[in-house]
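Residue 38 in the working numbering sits at position 13 of the sequence shown, with consecutive numbering throughout. C-beta atoms are modelled at their ideal positions from N, C-alpha and C, and glycine is treated no differently. Everything on this sheet refers to the single structure shown next.
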Amino acid sequence: MARNKRLSFDERKQAIKHAAIRIFVKQGFENTTMEDLVKETGLSKGGFYHYYKNTTDILHDIMLDGIAYRNTIMMKSIEDGKQWSIDLLADEMARKAVDSNALMPVYVELLLAKKRNPQLEQVYRQLEHTAFDTFRAHNIDAETLSVKPSNFELMAFFVNAIILSAHVLNEHKLVQDNQALIKQLLLNILKQDTAQSSHEGNSRGATRSSDEGNNQLGSIQESVQASSTSLPAKELS
């Protein structure tokens, strides 16, 4: 990058983030220092620190760009006339799982590094809340779609597992070739509670009917016994 090129504040931050993406992916987030990024951007140390104080803040902003990117894609589906449903959500999440955009390798770096870095774990949770808040703003949440919240969380976990595995094992083509299957698996996760609730409802109904039948039978037997003991002796013979 040219040292003396004049950019606006926002343009400079974007340039820093682009440089950070290159270094994070090349060296790994945990192996990247601020000095590495200063060198990559061509800025003076003082100039660089005017925009960012540490690598974690840069990573956070890159991930916010990722959320905005995903939001744009999902909103495009609505503009195309689709209505939010469990099926559409599964379709969008399957698309995310197989996406190979430039921000995905950085997201993988976050997933890998947060295990050993409590600060990154906190960043991840903040980003997670931001993503879910964005969903809710467009009426995409567990309550609106009648999905059990834990199933919503399991879906997110499953998508992350696919993204992480595809990058670590270098199997992008494998997951991309199986996008339809991944969507079906996500649908099964999202719909699991509906099927289970229906089954449990039927089971409870059957149990309740059985209990009521047993209670009624018990009452009849008690009535018969009571009537028998009250009959005169000659009627018992």
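Hey, how far is the Cα of residue 117 from the Cα of residue 187? Separation of residue 117 and residue 187 (C-alpha to C-alpha, rounded to the nearest whole angstrom) is 14 Å.
Could you compute how far the alpha carbon of residue 148 sits from the alpha carbon of residue 80? If you take the alpha carbons of residue 148 and residue 80, they lie about 12 Å apart.
Alpha carbon to alpha carbon, how far is residue 183 from residue 210? Give it in angstroms, no decimals. Computed Cα separation, rounded: 9 Å.
Please report the distance separating the alpha-carbon of residue 60 from that of residue 90. Answer to the nearest angstrom: the Cα atoms are 23 Å apart.
Among 181, 105, 41, 142, which one has its Cα closest to the Cα of residue 55? Of all alpha-carbon atoms in 181, 105, 41, 142, the one lying nearest the alpha-carbon of residue 55 is that of 142.
Suppose you measure from the CA of residue 68 to the CA of residue 135; what does that come to, to the nearest Å? Roughly 25 Å between the two C-alpha positions.
Report, in whole angstroms, the separation of the C-beta atoms of residue 122 and residue 214, which I expect to be a contact under 8 Å. That pair is no contact at about 12 Å.
Any contact between the region 149 to 167 and the region 92 to 112? By contact I mean 3 or more CB pairs, one from each, below 8 Å. A contact is defined here as three or more CB-CB pairs under 8 Å, and the region 149 to 167 meets this definition with respect to the region 92 to 112.
Would you tell me roughly how many angstroms separate the C-alpha atoms of residue 145 and residue 51, rounded to the nearest one? A direct Cα-Cα distance of roughly 19 Å separates residue 145 from residue 51.
Using 10 angstroms around the beta-carbon of residue 75, count the other beta-carbons present and answer buried if the total reaches 16, otherwise exposed. Exposed, by the Cβ-count rule.
For residue 167, the three-state DSSP class (helix, strand or coil): Three-state DSSP puts residue 167 in coil, outside helix and strand.
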